[in-house]
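Quick note: the sequence shown uses my numbering, first residue 272, plus one each step. Where a beta carbon is used, it is the ideal one built from N, C-alpha and C, also for glycine.
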Amino acid sequence: MLSKVLGAVGVLLLLTGLFLATRPLSVDSVSCGSVYAPDKGITPMQCDTRLDQRMNLVAGLAGGGLVIAVAGFGYAAVRERRTNIAS
């Protein structure tokens with residue numbers, strides 16, 4: 272049960288991070304684009320702070336989600352292996 276919860280939470284955090292990375296930003300009615308594709312023609316001073324903050328948020332969510340999902344799948348693999356060895 273724990274492995275399923277960890278896997279689900281990890282995947283949810285990873286997907287949330289990816290969603291936020293593709294969502295466009297705007298500052299003072301100026302479109303900045305997204306973390307993956309900043310808009311062309313914007314001055315760096317307008318959007319750098321917001322894009323950097325969003326990039327840190329995306330990295331934290333996606334990285335944390337990946338670690339939690341791998342921990343859940345690893346826990347399931349170790350538990351299954353212990354079950355097979357014991358029987």
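Select from A308, K275 and A342 the residue whose C-alpha is nearest the C-alpha of L291. The option with the nearest alpha carbon to L291 is A308.
Based on the DSSP output, what are the partners of S302 in its beta bridges? Beta-bridge pairing by DSSP links S302 to S297.
Proximal residues to L284 (C-beta, below 6 Å), its chain only, five neighbours per side dropped: If we look at L284 and ignore the five residues flanking it on each side, its Cβ neighbours are L332, G335 and G336.
Distance, V282 Cα to A330 Cα: Rounded to the nearest angstrom, the two C-alpha atoms are 14 Å apart.
Should the stretch 272–279 be regarded as contacting the stretch 342–354, the criterion being three or more beta carbon pairs within less than 8 Å? With the cut-off at 8 Å, the stretch 272–279 and the stretch 342–354 touch.
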